[in-house]
Structure formats: C-alpha cells, structure tokens
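Shown next, in structure tokens, is the structure this report addresses.
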Amino acid sequence: MEKEETESKIELEGLNEASSDVDPPMSKNQLKKLKKREKWLSIKQEKRRNAKLKRKHRLAEMRENGEDIGPTRKSLKLKTMKNSACKIRVVVDLSLDEYMGEKDVNSLTCQLQHSYAANRRAENPMQLYFCGMGGKTKERLDRIGDYKGWDIYTENEPFEKIFPTESLVYLSSESSNVLTNLSEDKVYVIGGLVDHNNHKGLCHRLAEEKGIAHAQLPISDYLDMKTRKVLTVNQVFSILLRYTETKDWKTSFLAEVPQRKNVNLKKVSSPQNTTSTSADKPDSSGDQVFESIDNNEPSASLDASDGCDEIKSGSTVEADTGNLEKGDNVNTDEANEKESADIGVKGSESLNEKAVSAPEDECR
Numbered sequence: 001m002e003k004e005e006t007e008s009k010i011e012l013e014g015l016n017e018a019s020s021d022v023d024p025p026m027s028k029n030q031l032k033k034l035k036k037r038e039k040w041l042s043i044k045q046e047k048r049r050n051a052k053l054k055r056k057h058r059l060a061e062m063r064e065n066g067e068d069i070g071p072t073r074k075s076l077k078l079k080t081m082k083n084s085a086c087k088i089r090v091v092v093d094l095s096l097d098e099y100m101g102e103k104d105v106n107s108l109t110c111q112l113q114h115s116y117a118a119n120r121r122a123e124n125p126m127q128l129y130f131c132g133m134g135g136k137t138k139e140r141l142d143r144i145g146d147y148k149g150w151d152i153y154t155e156n157e158p159f160e161k162i163f164p165t166e167s168l169v170y171l172s173s174e175s176s177n178v179l180t181n182l183s184e185d186k187v188y189v190i191g192g193l194v195d196h197n198n199h200k201g202l203c204h205r206l207a208e209e210k211g212i213a214h215a216q217l218p219i220s221d222y223l224d225m226k227t228r229k230v231l232t233v234n235q236v237f238s239i240l241l242r243y244t245e246t247k248d249w250k251t252s253f254l255a256e257v258p259q260r261k262n263v264n265l266k267k268v269s270s271p272q273n274t275t276s277t278s279a280d281k282p283d284s285s286g287d288q289v290f291e292s293i294d295n296n297e298p299s300a301s302l303d304a305s306d307g308c309d310e311i312k313s314g315s316t317v318e319a320d321t322g323n324l325e326k327g328d329n330v331n332t333d334e335a336n337e338k339e340s341a342d343i344g345v346k347g348s349e350s351l352n353e354k355a356v357s358a359p360e361d362e363c364r
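According to the UniProt record's numbering, the stretch in the sequence shown is residues 1 to 364, in order.
Pasting the structure below:
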C-alpha cells in the first residue's frame with residue numbers, strides 16, 4: 001500500500017511539473033484530460049481502500065450466512081501448474097506493444113490478470129506462458145508488482161525462439177483452419193493485442209510471415225454471432241481452460257462468451273428430420289429444379305411435347321398412388337383415356353357451334 005501511495009505521489013508531482021511548464025497554446029481538451037488525471041491520482045488510494053473494506057465486509061456477511069466464498073489461499077497454493085494433470089501449453093504473445101497506446105496496454109494487463117486468476121482457480125491449471133515481455137507491457141506489470149509471484153512462466157524472448165515451429169498454433173479469427181481439439185504436443189498462442197479493430201488480421205498475417213500454423217476457435221459450428229468473432233485475451237484463455245475441463249466446445253462457449261456478443265445457439269438438424277419420407281412432407285428438390293430451369297436460358301429450348309409427356313406420366317403416377325391408398329381397383333389409364341375422349345368430343349362440338357353462330361352475330 002505504501003509503495004502504491006509513493007508511486008501516485010511521484011506521478012502526481014510529475015503531472016504538476018508538466019502542467020507548470022506547459023506552453024500557453026495547450027488545447028482545452030488537453031487541459032481537461034490533465035486535470036482529470038490529477039484528480040484521479042489524488043483520490044485513487046482512498047477509493048481502493050474503500051473497495052477493500054466493502055469486500056471485507058461482504059465476505060464476512062457471506063461467512064455468517066454460511067455461503068460459499070470460494071477456495072481459500074491455502075488450497076489455491078496447492079493447485080499449481082507443476083502439480084496439474086493438464087499439460088496443455090498456452091502462450092500469450094506480449095511482443096505487440098508497438099501497435100498499442102497506453103490505455104490499450106493498461107487494458108491488456110487487466111486481461112492478463114483475469115487470465116491468471118482463472119487459471120489459478122482451476123482444478124487442473126493449464127501451463128501458462130507470458131513470452132516476449134518488454135516495453136510498455138512489462139513496465140505496466142512492473143508497476144503493478146504482484147505478477148512476480150504468479151504461478152506462470154515468463155520469458156523475455158519471443159515464443160518462436162522458445163518452442164519448435166512445428167508445435168506452434170497461432171489462434172486467429174481470420175484463419176481458414178478450425179481448431180477441433182487440444183493436444184499436449186501443440187503450443188497455442190494468443191496474441192496479446194488490444195487494438196479496437198485498428199489492426200485487423202495482424203496476428204494472422206504475422207503467423208503466415210513466420211511460417212507458423214494458425215487456426216480459429218470453432219465458434220461458427222456452435223454459435224450464431226451478430227458481431228465479429230473477436231474475443232479478448234482472457235475470454236479466449238477461459239474458453240480453452242473450460243474445454244480442458246469439459247471436453248465440450250458448446251459448453252465452453254456458452255459459459256465464457258459474453259452476452260453482449262448477441263450469441264444464439266445454432267440449431268442442429270436431428271436424424272429424424274433427415275430421414276423423413278416424401279409421404280410425410282413434400283419434397284422441395286423439385287421446386288429447386290424448376291427454379292434453376294426457369295433461371296437458365298438454354299432450358300427454354302426444350303420441346304413442348306417432352307414437357308407434356310412428363311406431366312402426363314407424373315399425373316398418372318399420382319392417380320395410381322391415390323387409388324392404391326384408397327383401395328380402389330379401377331384402371332386409371334382407361335379412365336384417363338375415356339375422360340380425354342369425352343373432353344375431345346365436347347370441345348369439337350363447342351367449336352362447331354361457335355363457327356356457325358359467328359356469322360349470325362356479325363349480321364346482327
């Protein structure tokens with residue numbers, strides 16, 4: 001606590017010196033941001049103390065009510081990566097500082113904290129690596145200070161120099177490959193980047209340039225998302241961690257993908273629907289065939305006689321089927337011939353009547 005207060009005082013003094021040496025042409029927005037930052041630093045420690053007190057009182061109330069407050073620190077110390085039965089290796093690539101501003105770096109460090117917290121509370125934690133540590137991200141973590149006691153592997157060198165290239169799989173939503181399973185022989189890399197889509201496809205491009213295999217999570221196989229399939233570092237890590245526990249992608253996605261993504265579960269057709277017969281429901285393939293014929297110009301050259309023959313034969317089959325269902329023994333071919341003969345006679349008589357009566361109408 002004393003260390004944090006000292007750092008805040010030093011930062012506040014630096015801002016005061018900067019504000020005193022500021023040139024007059026500074027814009028109103030810059031002055032507003034500077035004053036806002038000074039105000040936050042002056043009340044930050046007090047807010048943190050109040051938050052800790054509230055949490056302490058809340059936990060005390062939960063204990064009195066007999067509610068579960070989660071694992072104790074002693075039990076968490078026993079659940080280490082070394083003692084874990086899960087040997088799946090996950091790397092967070094922290095070599096992308098140049099693509100982020102200070103605010104994005106702060107967001108990334110928060111995501112790293114959430115990832116570590118989830119891994120620490122797992123029954124069998126994954127093997128978590130922070131590789132390529134340096135620059136602004138390392139400075140931010142050093143200021144936080146507590147990461148040095150985390151149960152993680154930290155490496156200053158890039159991940160491609162630590163692990164064999166053939167074992168690496170870079171996770172990217174732009175990849176055409178789909179991840180179906182997790183293997184202990186592979187090392188899964190998550191890009192440590194918060195860019196708000198300013199560098200779309202960056203991780204995918206870097207993986208291809210370095211000759212590293214890449215894949216995306218099978219989100220499209222289970223979920224319908226209204227937004228892009230881009231998740232934060234801690235969300236991707238939590239999905240992988242949940243999969244190691246459940247071996248079920250659908251359960252992992254539903255548990256970890258936030259609701260603001262407008263997630264809907266995909267409907268998978270059951271085997272009963274796929275084996276339904278034409279008697280149960282009409283076949284739609286015929287409609288598709290006719291639509292394709294209507295939209296295709298060469299189909300207009302079909303002979304009219306061929307089409308009539310097909311329609312006649314089709315109507316005969318339908319009539320036969322209907323008579324068989326009703327149990328009638330009538331020969332439908334003979335009935336159709338009689339009907340056509342009667343219609344032909346009546347049609348010829350009507351034509352003759354019109355031919356005779358036409359001159360009379362004209363004379364009138």
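For every residue, glycine included, the Cβ atom is placed at its ideal position computed from N, Cα and C.
Note that the coordinates shown come from a computational prediction; the quantities given were computed from them, not determined experimentally.
In the structure shown, the three-state DSSP call for T165 is helix. Inter-residue distance for A215 and L182 is about 12 Å (C-alpha atoms, whole angstroms). Counting only residues of its own chain and dropping the five nearest sequence neighbours on each side, S252 has a CB closer than 7 Å to the CB of I239, R242, Y243, T246.
Boundaries of the beta strand (DSSP E) around L128: 127-131.
Residues Y99, L193 of the same chain have their beta carbon placed closer than 7 Å to that of L202, with the five preceding and five following residues left out of the count.
With fewer than 16 other beta carbons inside 10 angstroms of its own, N197 counts as exposed.
Here the C-alpha atom of E38 lies approximately 31 Å from the C-alpha atom of R58. Assignment of beta-bridge partners to Q45 by DSSP yields no partner.
Taking all protein chains shown into account, M81 has 16 or more neighbouring C-beta atoms within 10 Å of its C-beta and is therefore buried. In the structure shown, A60 falls within a helical segment according to DSSP collapsed to helix, strand and coil. In this structure, P158 sits near G132, with a CB-CB distance shorter than 7 Å. Looking at the DSSP output, D93 bridges to C131, G191.
Unbroken alpha helix (DSSP H) runs of no fewer than 4 residues, entirely contained in the region 204-257, are found at 233-246, 249-256, following chain order. Of the candidates E123, L179, A213, L179 places its Cα closest to the Cα of D221. In the DSSP annotation of this structure, L182 is not part of any alpha helix (DSSP H), being labelled neither H nor E. For T109, the enclosing alpha helix (DSSP H) begins and ends at 102-120.
In the structure shown, E160 adopts helical secondary structure according to DSSP, grouped into three states. Inter-segment contact for the region 220-236 and the region 113-133 is present: three or more beta-carbon pairs are separated by less than 8 Å. When Cβ pairs closer than 8 Å are counted between the two stretches, the region 72-79 is seen not to touch the region 163-174, the count staying below three. When DSSP states are grouped into helix, strand and coil, N50 belongs to the helix group. Shown here for S167: same chain residues with a beta carbon closer than 6 Å to its own, the five before and five after excluded, namely K186, V187 in chain order. Secondary structure at E38: helix, using DSSP grouped into helix, strand and coil.
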